[in-house]
Amino acid sequence: MKLRANAKINLSLSVCGKREDGYHLIDTVMHSVSLYDTVFIEKADVINVACGNLPQQENIAYKAARLFFEAAGINSGCEIKIEKQIPMAAGLGGGSADAAAVLLGLDKLYNTNLSYEALCGLAVKLGADVPFFIKGGCMRSEGIGEILTPAVPLKRGCILLAKADLKPSTAEMYRRLDSQATILADTDAVLSAIENNDLLLLSQKLYNAFETVWPQSKVKAALLKTDAVAVALTGSGPTWFALYDNTDKAEAAKNTLTAQEIPCWLCYPSDVAIEFE
503 MKLRANAKIN
513 LSLSVCGKRE
523 DGYHLIDTVM
533 HSVSLYDTVF
543 IEKADVINVA
553 CGNLPQQENI
563 AYKAARLFFE
573 AAGINSGCEI
583 KIEKQIPMAA
593 GLGGGSADAA
603 AVLLGLDKLY
613 NTNLSYEALC
623 GLAVKLGADV
633 PFFIKGGCMR
643 SEGIGEILTP
653 AVPLKRGCIL
663 LAKADLKPST
673 AEMYRRLDSQ
683 ATILADTDAV
693 LSAIENNDLL
703 LLSQKLYNAF
713 ETVWPQSKVK
723 AALLKTDAVA
733 VALTGSGPTW
743 FALYDNTDKA
753 EAAKNTLTAQ
763 EIPCWLCYPS
773 DVAIEFE
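The sequence shown finishes on residue 779 if you use my numbering, and the numbering steps up by one all the way, no holes.
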């Protein structure tokens, strides 16, 4: 079985507070994009994951497979091979997408026919972003990521992703946010702009709370010098994205950043997170 696991960007991201257990509450609009990892899955006696040099038991794809077999009551395993294109630890949800692909792939491979709700119940045990990737497209995600509301996906625009080299840890980013006043995105306006394919309004309403505590970024500065409709951070970084109203502008920007040796990827909005091939 072969699957495409698409990345995501955050078109808005507010941090709304913190629960007693220390988990932060978020309100974010996530959107799938066409940059993807390729995930191969086949039946086997034990779970084995091949993905770069990461020890397999630390890989979220391995954890997803183990969780699936435990929940389904199946004494079996699988061979998983992941060909990475989504950069790791970049705010693009690559690991979460791979985990969702494993859950969906194994459900189909072993004919367990788990419901969407059951798959999301497994996904949230793996990470806050993973439930989004069970369906993907465009969704509003609240709570710690478990409250999902589908939205109409974008039908136009090109996206250039550009990754900075380093960033403070996510824990440090949250600590900085905790020390300042809370500012919330106008999430309803963001969703309205997406539904109406209004890139101009969307550009005015894009907001990511982590940008307020982000250090100076040469990647952001480089994107702002291109003919982008808008530039924003995705997740807690270190990847920035620029939104363009046509492919020519996005390709010109990619050439400009590539000349500056900034890693970048051109992609498009997608209405799904996981695709079976």
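Backbone N, C-alpha and C define an ideal beta-carbon position, used for all residues, glycine too. All values derive from a computational prediction rather than experimental measurement.
1. What residues are listed by DSSP as bridge partners for residue 527?
2. Could you pull out every residue in the same chain whose Cβ sits closer than 7 Å to the Cβ of residue 561, ignoring the five residues on either side in sequence?
3. I'd like to confirm the pairing. Which residues does DSSP put opposite residue 534 in its beta bridges?
4. Should residue 538 be labelled buried (16 or more other beta-carbon atoms within 10 Å of its own) or exposed?
5. Relative to the alpha-carbon of residue 591, which residue among 736, 542, 767 has its alpha-carbon at the smallest distance?
6. Taking just the CA atoms, how far does residue 572 sit from residue 504?
7. Based on the DSSP secondary-structure assignment, which residues constitute the bridge partners of residue 560?
8. Tell me, which residues are paired with residue 660 by DSSP?
9. Are the beta-carbon atoms of residue 650 and residue 566 separated by less than 8 Å?
10. Are at least three pairs of beta-carbons, each pair with one atom in the segment 626–645 and one in the segment 523–543, less than 8 Å apart?
11. Quick one: give me the first and last residue of the alpha helix (DSSP H) that residue 596 is part of.
12. So the alpha helix (DSSP H) residue 707 belongs to, where does it begin and stop?
13. Out of 520, 509, 506, which one is the CA nearest neighbour of residue 681?
14. Spatial neighbours of residue 579 within its chain, please: C-beta separation below 6 Å, excluding the five flanking residues on both sides.
15. Look at the alpha carbon of residue 506 and the alpha carbon of residue 719, and state the distance between them as a whole number of angstroms.
So, to answer that:
1. 519
2. 551, 553
3. 510
4. buried
5. 736
6. 23 Å
7. Note: residue 560 sits in no beta bridge, so no partner.
8. 746
9. no
10. yes
11. 596–611
12. 701–707
13. 520
14. 546, 547, 548, 549
15. 31 Å
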